[in-house]
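See structure below.
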Amino acid sequence: MWLPKLSLILLFFTLYCSFQTPALAIKKSYIVYLGSHRHGNSQADYGLVAESHYKFLGSFLGRKLIGARFFNDGYASYVGSMKSNENSARDLEGHGSHTLSTAGGNFVPGASVFGLGNGTAKGGSPKARVAAYKVCWTPINGSECFDADIVQGFEHAIHDGVDVISVSLGGDPTDYFDDGIAIGAFHAVKHGVVVVCSAGNSGPTPGSVSNVAPWMITVGASTLDREFQTFVELQNGERLKGTSLSSSLPEDRFYPLMSAAQAKAANASAEDALLCKPDSLDPEKAKGKILACLRGGNARVDKGKQAALAGAVGMILCNDKITGNELIADPHFLPASQLTYKDGLAVFAYINSTSVDCVNEKSVVIVYSRQAIALRQNSISNMFSSPALRLDYSLSFSLFARNRKQRLRVSRGSLSSNQKWRHSMFVGAKPVLKDGTLSFSGQDVLTGVPANIVLTPLTDSSAYVGATSTQTSSRHVFKIGVIEDVRLLCLFRFKIWWMIPRVGTSGSDIPIETQMLLLEARQGEASEASTSYIVFLPLLDGKFRSSLQGNTFNELEICVESGDPSIVTSQSLKAVFVNYGDHPFNLMKESMNLFLSTFLMQIPGMLDWFGWCTWDAFYHEVNPQGIIDGLTSLSEGGTPAKFLIIDDGWQDTTNEFQKEGEQYIEGSEFGGRLVSIEENSKFRKTADGARDGAPSSLKDFVSDIKKTFGLKYVYVWHALMGYWGGLLPGAAKTMKYNPKLRYPVQSPGNLASTRDVSMDSMEKYGVGAIDPAKISHFYQDLHKYLASQNVDGVKVDVQNILETIATGQGGRVSLTRQFQEALENSIVANFKDNSIICCMGQSMDSIYHAKRSAITRASDDYYPKNPATQTLHIAAVSFNSIFLGEVVLPDWDMFYSRHDAAEFHAAARAVGGCGVYVSDKPGHHDFKILRRLVLPDGSILRAKYPGRPARDCLFRDPVMDGKSLLKIWNLNKCTGVIGVFNCQGAGSWPCWENTVQEKVSAKISGQVSPADIEYFEEVSGKQWTGDCAVFSFSSGSLFRLPSEESFNVALKSLECDVFTVSPIKAYDQEIQFAPIGLLNMYNSGGAVESVDYLTGSFGRGIHIMGRGGGRFGAYSSIKPQSCSVNSKDHGFNFNAEGHLLVVTIPNTTTCWDIHLCY
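Read left to right, the sequence shown gives residues -25 to -1, 1 to 1133 (mature numbering (1 follows the signal peptide of the UniProt record, and there is no 0)).
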């Protein structure tokens, strides 16, 4: 069974067309298979085709079309009776007609689309005769083109004496002996008929090309010699280039913008609405708006149709991660622009950035079109596909806008990457395995590579590393080579649930269960600027999962395992992905995008609001009154929680291992099991009235606290299997999910790491595992019930449990995929905002199967009672974010605001780009610290990216080397920020043989530079002087510093400082300016939304927009003449010596416009 290629495929029949003559064309025919939406019964003679359909086709194509047949015996045997109108060769969808005309369409002068692209259109062989053979029909259970019909079509075409067969359908690559197209094509070629097939619409990823048998010609689409540009301009000044053939909107006004998911109809899912599917949009919400729709799921043009039917005035069509940079100019039903994946993320980020109440009215956009842009090719190669050849090409060209004098230079890299043009890849860095040595760009990475190791190049700088064995097993450990005398960083699972970092210099330093390995490659005494990096990422290969480990001989090993003794293999050819580049963070980003396809993740709105989690406040004793008390004390202190997590303790559970009156056994709480999906008696009144003070229901309680405290989001906790011990087998309300008691079995890798009391307890007590066939029903029932109770989302814990119960259930990889898909589908169907926080899921099985989940806990728990873990927590999250931050948004967990390490944790979250939530006991808060994180309206100043270590920290141990500070960098909209932390002397890493630190100095010093902040060019702009204004939060000092210079920072253990780094821009000969932001906030620059230079009759001025009350600060080269805030005159202070300008904004001010006149 074959899936058709639904998109339009341009097939250029190079071999035949190059040699044809007009005389020959009159005699000969092209035969085109139609992958259309309606299909029929085999007919052996042209005369048997229904007369009405033959007349229709004949009148449409004149003498061009000399015949048509249809074949549907295979399809009919599967579906039963056929509809009367399906027994026809007629094309009811258009795909077949399009591809047929592409192959042999006549000359058509004056062809254009809305006046664009005017010229003469023609097919590949315009004078050839054609015949149509239809073999695909209405999809049934995902199948529409059957091998029996395909082969029958081939045989009739051969019998009819055609010269060329064009096949416009295909599916996933399969064995030639099972491939109807390959078999039919082989017969045709044996009879002297040329067969030309489409390469497919997928890619550019490995294995995405269809129809690769060596006896057929496989052709992919080429590029056009022009672009049809349509620009999207956001009101914040950002301008994004897209493409479209639609009409344009007026350029003199802005229109409201919203995500299509926000315009979903009441009976539609947020996922369908985001894709702008039929009947998914609410006209009352969409009317007059521009909708941001996600590509995929339905036709691109249909999305615009649905937006237009809903009353939208325009559409922004955003590519998902799979479609990447592919842009197609479509004639949409309304003004529209299709954007790349990266620019689509910018649009959704812009929408999310305006989630705070005060800037909702600014969430507007204007779309306008430009004329076609001609492309002058300097060098270009066409790309053909065959089993042995894949030719990438680079395209360098100049753009010329007609009727414009300005010339714009554009340079574009390999089409294999869908990232912005900030590549880390080296030209000529191609991986080579020769004489037992794996090298990149002449640098040896692995030596002593065994003969059974297989290298499969992917790009010029990357490859897959695999291995073969003479034995079949469910678990292999392959040696792949020696690593010595190199700085390296590992991220490894020290517990089954969690990762931590480790640095070293040889293979023996690489722990078991390593999930990311980064090496530093340096030649001689090369400076940092010439340093390069190699990353090893173990993968999921079929039903097997890989991890890395070293041995005492400095050999790097790959562990490949299925988690099920019955699932065995003798090889894994794509066990590890290896890549090489000169920028560590770009390298990680590019690597993930080369092998990991994910859905465009919607960022939950709760991230931009301050939250409170009940866990460390109450543990299992959480109760309604305690929640009310906690929300009350936070609100009264001026830092109201707008986001609540009701953690473990609300569910209806039972525990046979904990009985009243008996002594507590450590770990027995993990034997508890779920008996229903409803809340327990603490959160609802029962018939016996046992808890008179309980609310009548969870819904009433949640609705009441939302109304009373202005809560925007309420999440509740549950485990992946419902509860720690799963579901109770035999319970009346859980029987339909077929739970079965299973006893987890950990892999040898997990057993060699730190033991975990929760995992050991579940091994002892067993887990009531849900039947995989019923897991979708369970999640749908649970989440539908929670949504009916006014709950907005869930925190899903204990996710790695699946790898321990995979025996007899398809293995760990397949089982995890099944559960993750069911979980994410349920989230989309039942909650509005992609509202899920994943937890205890730091294995690649879970991480790589997260297609929609946007937030994942990035470290072991926050332990307020353990002083030795405070610094470890900060270091672990920041290092883990190097890896996790390219897949999800890392979550830093809760913390206590009244704690010895409270400011340490608060500052880390300020620069972490994460959500901010505490777990304070009611009334136990440090509002001095909280007010540095939380604005009076409950919103936070969240930085732009996941916070990660500075480049010069990557291969240093910030916890135990006794000398290194940890620097964590990030960006805001207009500034950079870097947090500096002394994590030394307060704790030791687990799984470390030497846990005793040498004497640590009372203070540790280190160098900090603006250059530590990656991607600073995103905020520096063209007017940057090259200098930065640097503001220290702890000292309140401001100083000017060239971007490449550094300054010294000295900190005691558990001390930290946050530096706002703002580019100083020269707006004229006198005015140099750099915003700092709210000086009273840790992440000061997060308050600044935009900065503009204005000139006019009033003179010269700087206009700053932002939010939050407090002391706004900025660097100004000269003193302003006047200042206004929200159009009212306002006083200010100016320090001429330090150039610090301060404007005090009332705390009651939510948003502000500051105008400085010079």
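No residue lacks a Cβ here, since even glycine has one placed at the ideal position from N, Cα and C.
Being a predicted model, the structure only gives us computed values, none of them experimental.
| Check | Outcome |
| --- | --- |
| Same chain only: Cβ atoms within 7 Å of D866, ignoring 5 sequence neighbours per side | I812, I830, T831, R832, A833, C889, G890 |
| Separation of P486 from H823, as counted between CA atoms | The amino acid occupying residue 823 in the given sequence is Tyr; His does not appear at that position. If I take the Cα positions, the gap works out to 21 Å. |
| Reference K826, options N809, R44, S328, S939, closest by Cα | N809 |
| Classification of K1103 by the beta-carbon crowding that lies within 10 angstroms, buried from 16 upward | exposed |
| T193, enclosing beta strand (DSSP E) - first and last residue | 192 to 194 |
| Residues near S853 in its chain [Cβ-Cβ closer than 8 Å; skip 5 each side] | A883, G887, G922, R923, P924, L941, I943 |
| Below-8 Å beta-carbon distance, N800 vs any chain B residue | Absent from the structure is chain B; it holds one protein chain and no more. |
| Distance between beta carbons of F519 and E495, contact taken as under 8 Å | Incorrect: roughly 29 Å between the Cβ atoms, too far for contact. |
| Stretch pair the region 551 to 565 + the region 743 to 763: three plus CB contacts closer than 8 Å | no |
| Assumed close pair I1051, G1088 - CB separation to whole angstroms, cut-off 8 Å | 4 Å |
| Of the residues G580, N1108, T1070, S1065, the one placed nearest R1086, counting alpha carbons only | N1108 |
| Anticipated Cβ contact below 8 Å, Q755 with S828, distance rounded | That belief does not hold up - the Cβ atoms of Q755 and S828 are roughly 17 Å apart, past 8 Å. |
| C-alpha gap between G289 and G217, whole angstroms | 14 Å |
| Burial state of W590, where buried means 16 or more other Cβ atoms lie within 10 Å | buried |
| Residue nearest to K674 in terms of C-alpha spacing, selected from P599, P714, L716, S643 | P599 |
| Rounded straight-line distance, which links the Cα of G159 to that of A321 | 47 Å |
| CA-to-CA distance, E61 to F46, given in whole angstroms | 11 Å |
| Classification of H166 by the beta-carbon crowding that lies within 10 angstroms, buried from 16 upward | exposed |
| CA-to-CA distance, G80 to residue 1137, given in whole angstroms | An answer regarding residue 1137 cannot be provided, because it is not within the stretch -25 to 1133 covered by the chain. |
| Nearest residue (CA-CA) to I140, options D147, D122, C172 | C172 |
| Cα-Cα separation between D147 and I125, rounded to whole angstroms | 15 Å |
| Inter-residue Cα distance where the pair is Y8 and G136 | Residue placement at Y8 cannot be trusted, given a pLDDT of 43 that sits under 50; the coordinates are not used to answer. |
| Rounded C-alpha distance that separates F645 from S672 | 26 Å |
| Burial state of K978, where buried means 16 or more other Cβ atoms lie within 10 Å | exposed |
| Distance CB(F902)-CB(G613) smaller than 8 Å | yes |
| DSSP state of S436 mapped onto helix, strand, coil | coil |
| Reference C928; option with closest CA among G951, H899, C958, G913 | C958 |
| Local Cβ density within 10 Å of L269, reported as buried at 16 or more and exposed below that | buried |
| Length-filtered (3 minimum) beta strand (DSSP E) runs lying within the region 781 to 823 | 811 to 813 |
| Limits of the alpha helix (DSSP H) - the one that G167 falls within | Where G167 is concerned, there is no enclosing alpha helix (DSSP H), given that its DSSP letter is neither H nor E. |
| Whole-angstrom distance between W472 and V732, CA atom to CA atom | 12 Å |
| First and last residue of the uninterrupted beta strand (DSSP E) at R884 | Not the beta strand (DSSP E): R884 falls in the alpha helix (DSSP H), residues 877 to 886. |
| For K938, the nearest candidate out of G960, N947, D153 (CA to CA) | G960 |
| Of the residues F794, S1037, L232, the one placed nearest G263, counting alpha carbons only | L232 |
| Cβ neighbours of N725 in the same chain (closer than 6 Å, five flanking residues each side left out) | I471 |
| L494 - DSSP class collapsed to helix/strand/coil | strand |
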